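S.K.: Handing you a structure now.
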Amino acid sequence: MTTHNQTTPTLPEAQRGPAEKLLDLVLGGSAHLWHNRPGLDVNGVWHPAQGASADLVRRSTPVKPGLFVPSAVKLYRQLLDIYRLNTDLMAHFASYALTQTDWRDLKVATCALMLVQSHSGQPVREDDGSIAFLDDDFRVIGEAMILHYERKSTRMLTPKAVLRVAELLETPEIARLNREAGFGDPASRKAPLGRWKSVATKWLRLREQNLPMLQGLVKAGYKETLKRIARKAGYKPVTQAFFEVLGWKQKQAAAGHRSVGLEGLHLVKRERFDGLSEAEICEWIELERLSYKEVVGRLPKDLGLTPAIMAALLPSLSDRDLRILTPTLEELGLMTDPAIRGRWEKAVQTATDQRALHIVKNVRSQELKAKLEEASDNAAKAAVAEATAETDVRVMFLIDKSGSMEGAIEQSKEALSRILAGFPLEKLHIASFDTMGTVLKPKAASRAAVQHMLQGIQASGGTTHAAGVHALHRAGVRVPEEAKLICIVVGDEAGEAGDQFARAFRECGYSVAAMAMLVSVASAANRGNTVRTCAGQLKVPFSEVAVDQFEDPYQVPRVLKALMDAPTAVGASQSGWVERVMRTPLLKVA
3 MTTHNQTTPT LPEAQRGPAE KLLDLVLGGS AHLWHNRPGL DVNGVWHPAQ GASADLVRRS
63 TPVKPGLFVP SAVKLYRQLL DIYRLNTDLM AHFASYALTQ TDWRDLKVAT CALMLVQSHS
123 GQPVREDDGS IAFLDDDFRV IGEAMILHYE RKSTRMLTPK AVLRVAELLE TPEIARLNRE
183 AGFGDPASRK APLGRWKSVA TKWLRLREQN LPMLQGLVKA GYKETLKRIA RKAGYKPVTQ
243 AFFEVLGWKQ KQAAAGHRSV GLEGLHLVKR ERFDGLSEAE ICEWIELERL SYKEVVGRLP
303 KDLGLTPAIM AALLPSLSDR DLRILTPTLE ELGLMTDPAI RGRWEKAVQT ATDQRALHIV
363 KNVRSQELKA KLEEASDNAA KAAVAEATAE TDVRVMFLID KSGSMEGAIE QSKEALSRIL
423 AGFPLEKLHI ASFDTMGTVL KPKAASRAAV QHMLQGIQAS GGTTHAAGVH ALHRAGVRVP
483 EEAKLICIVV GDEAGEAGDQ FARAFRECGY SVAAMAMLVS VASAANRGNT VRTCAGQLKV
543 PFSEVAVDQF EDPYQVPRVL KALMDAPTAV GASQSGWVER VMRTPLLKVA
């Protein structure tokens, strides 16, 4: 029989500091704000409309593609809360988000906040009116996020992201939050944009002065995005070349103040390919080095996307594009071409998210399905490798399979199959437990091997977390003195008293550096506090994440990085990941 502790899942709000709230933000929300397909709003949570059950449709409100406002408001409120508590932490987090992560929508939200927040280098005066000093200018960090450029890097803001910063700030609900925070004139009808217009102008000017860069963005399919940025920023080009590259016809404004781009424009038009043969289209693609986005909308309807045209477009595709287009490549028969297959397999090795698990559903070949699952494994491996690059980290997973987990155990298995493949087998130790612990060992570091390992686990029996620890110790698991041990428990946290759990680690000689909880609670079960209390007894950082977060393909690498960063100091109470954030140099405008 399971002994339930009094339910205390989280610290009281008043006791949670900015570091805890930042960790909660990263572990507890996908920060996926923009969706390019129709969706459903179910109590503030976005779901895809395609394939939704009749019951889900009945309980939801349809939403159009684009920004999902409830998620944006929730995330922005969280960022504002952290900013109010610790402005310096927020500044470092913005710098970290841009340079160290692939969290695209989170970068947009943090950039938006930094551009409008009130620390803008204003003078602080003495009583006699003289300037005592200048306040910190953290708006510079928002500017630097937009202006940051690193050739071929995927971690700078794209033109679409630059535009989305303004669109987010203009969203009425976000504008209201900024006014309430004192970032704009409360009486103004215009949304506070801070320095967005000035930095967007500088961003455009740099590209106008470097036409190959501007032309490259047009070829990448950003022509209309660039126009929208220019309109929104009130950009005034200094040469006609800007309009010519964008194919943007101009006319005199009503006030008659325009002087550039009115006469002699040689517009680069985006003509359709109607009337051209397949060979001529391929030749045009290679001559102009056209991108996939540029071509697909211009193809003749009676021809469409052919194997030859797709092959001509391959040089313009990124590794991420190749993974996403796997069903198209399969349908066109291109996966049998050795050169194309070789490039695709290389793209599988470089995956940084687990979106491939969604693409699998649209692929027929079992071999390709297995390879796409490998891409998911590689994303988890890359996240673990990055988080543990500075320290030898060993990981202990303890999986609750007691009777209280009935109804939740399958969700635990799915989450574990997405994350366990990311760990080197020699540094990974797994045990399941009820009142007895059982050591588990995957046959290989892959999703399939983890699923095979977990398939026989059924929920039954009582709950003794310590049994898992003792089982691993009896099996000979030892942790080198110089290594850091992170213990991650999967379950509902209900069980023995936390001090008994802590005693098991001490008795077995395991020095724990950090503890985490993957919360998986059956609908009829109560949440306990065994692991949190144990972490308090051991005086180590504790973090938690709901198991359903792993349904988001972008969330798995993000969570792993946050969970796997052990603190640098023995006995530290702060998350190692927060330490890493604070070590990130603040961005500056070059």
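Numbering (the numbering used here), first residue to last: 3 to 592. Glycine included, every Cβ here is placed at the ideal spot set by N, Cα and C. Note that the coordinates shown come from a computational prediction; the quantities given were computed from them, not determined experimentally.
1) State the start and end residues of the unbroken alpha helix (DSSP H) segment that holds residue 39.
2) Relative to the C-alpha of residue 157, which candidate in 58, 101, 70, 319 has its C-alpha closest?
3) Residue range of the beta strand (DSSP E) that residue 493 falls in?
4) Could you tell me whether the Cβ atoms of residue 424 and residue 524 are closer together than 8 Å?
5) Tell whether a beta-carbon distance below 8 Å holds between residue 46 and residue 77.
6) At what residue ranges does the segment 89 to 136 contain a whole run of the beta strand (DSSP E), taking only runs of 3 or more?
7) Given this structure, state the Cα-to-Cα distance separating residue 58 from residue 65, to the nearest angstrom.
8) With which residues is residue 545 paired in a DSSP beta bridge?
9) Under 8 Å Cβ to Cβ from residue 109, same chain only, skipping five residues before and after it: list those, please.
10) Could you please give the first and the last residue of the uninterrupted beta strand (DSSP E) stretch that includes residue 396?
11) Which of the three DSSP states is assigned to residue 35 in this structure?
12) Could you tell me which of 579, 140, 460, 221 sits nearest to residue 295, measuring between CA atoms?
13) Return the Cβ separation of residue 127 and residue 134 in integer angstroms, given the expectation that the two are a contact with Cβ distance under 8 Å.
14) Taking only the alpha-carbon atoms, compute the straight-line gap between residue 385 and residue 216 and give it to the nearest angstrom.
15) Expressed to the nearest angstrom, what Euclidean distance is found between the alpha-carbon atoms of residue 492 and residue 436?
16) Taking 7 Å as the cut-off, does the CB of residue 304 come closer than this to any heavy atom belonging to the ligand ATP?
17) Helix, strand or coil: which one does DSSP assign to residue 250?
18) Which ranges does the alpha helix (DSSP H) cover as unbroken runs of at least 4 residues, wholly within the segment 158 to 222, from first to last along the chain?
19) Assuming residue 82 contacts residue 115 (C-beta within less than 8 Å), just tell me the rounded distance between them.
20) Rounded to whole angstroms, what is the Cα-Cα separation between residue 455 and residue 516?
21) Can you find the residues in the same chain that come closer than 6 Å, C-beta to C-beta, to residue 188, ignoring five residues on each side of it along the sequence?
22) At a cut of 8 Å, does the segment 392 to 406 reach the segment 364 to 376 through at least three beta carbon pairs?
23) Alpha helix (DSSP H) containing residue 309: first to last residue?
24) Taking buried to mean at least 16 other C-beta atoms within 10 Å of its own C-beta, is residue 1 buried or exposed?
25) With a threshold of 7 Å on Cβ separation, who are the neighbours of residue 151 within its own chain once the five nearest residues in sequence on each side are excluded?
26) At 4 residues or longer, and completely inside the segment 409 to 458: list those alpha helix (DSSP H) runs for me, N to C.
27) In whole angstroms, give me the CA-to-CA distance for residue 167 and residue 321.
28) Roughly how many angstroms separate the alpha carbons of residue 375 and residue 358, rounded to a whole number?
29) Quick one: what's residue 63 bridged to in DSSP?
30) For residue 49, name the three-state secondary structure that DSSP assigns.
31) Nearest-angstrom Cα distance between residue 451 and residue 564?
32) Helix or strand or just coil, what does DSSP make of residue 550?
33) Going by C-alpha distance, which of 580, 206, 529 is nearest residue 233?
34) Would you kindly report the start and end of the unbroken alpha helix (DSSP H) that includes residue 507?
35) Which same chain residues end up closer than 8 Å to residue 462 when comparing Cβ atoms and leaving out the 5 residues on each side of it in sequence?
36) My output table needs one value for residue 69: the three-state DSSP class, helix, strand or coil.
M.R.: Concretely, from the data shown:
1) Going by DSSP, residue 39 is part of no alpha helix (DSSP H) at all; its letter is neither H nor E.
2) When 58, 101, 70, 319 are compared, the shortest CA-CA separation from residue 157 is found for 101.
3) Unbroken beta strand (DSSP E) run through residue 493: 486 to 493.
4) No, these two residues do not count as a Cβ contact at 8 Å.
5) No, these two residues do not count as a Cβ contact at 8 Å.
6) The qualifying runs are 125 to 127, 133 to 136.
7) Near 13 Å, if we compare the C-alpha coordinates of residue 65 and residue 58.
8) 518.
9) The beta carbon of residue 109 lies closer than 8 Å to those of 99, 100, 103, 147, 159, 163 in the same chain, with the five residues before and after it left out.
10) From DSSP, the beta strand (DSSP E) with residue 396 extends over 395 to 402.
11) Residue 35 falls in the coil class under three-state DSSP.
12) Closest by alpha carbon: 221.
13) With a Cβ gap of about 6 Å, residue 127 and residue 134 count as contacting.
14) Cα to Cα, the separation comes out at about 33 Å.
15) Taking the straight line from one Cα to the other gives about 12 Å.
16) Absent from the structure shown: the ligand ATP. Ligands present: none.
17) In this structure, DSSP gives residue 250 a state outside helix and strand, which the three-state scheme calls coil.
18) The segment 158 to 222 contains these whole alpha helix (DSSP H) runs: 161 to 172, 174 to 182, 198 to 210, 213 to 221.
19) Going by Cβ atoms, the distance from residue 82 to residue 115 rounds to 7 Å, so yes, they are a contact pair.
20) Cα-Cα distance, rounded: 25 Å.
21) Excluding residues within five positions, the ones whose Cβ falls inside 6 Å are 181.
22) The segment 392 to 406 is not in contact with the segment 364 to 376.
23) Note, residue 309: alpha helix (DSSP H), 309 to 315.
24) Past the edges of the chain, shown from 3 to 592, lies residue 1, and the structure says nothing about it.
25) Closer than 7 Å at Cβ, skipping near neighbours: 158.
26) Counting only runs of at least 4 residues, the segment 409 to 458 fully encloses the following alpha helix (DSSP H) elements, listed from N- to C-terminal order: 411 to 421, 449 to 456.
27) Going by the C-alpha atoms only, they are around 26 Å apart.
28) Here the alpha carbon of residue 375 sits roughly 7 Å from the alpha carbon of residue 358.
29) The partner list for residue 63 (beta bridge, DSSP) reads 43.
30) Strand, per DSSP.
31) Each residue's alpha carbon lies about 25 Å from the other.
32) Helix, per DSSP.
33) Ranking the options by Cα distance to residue 233, first place goes to 206.
34) That run of the alpha helix (DSSP H) goes 500 to 510.
35) Closer than 8 Å at the Cβ level, and outside the excluded window around residue 462, lie 403, 404, 405, 408, 436.
36) Note: residue 69 maps to strand in three-state DSSP.
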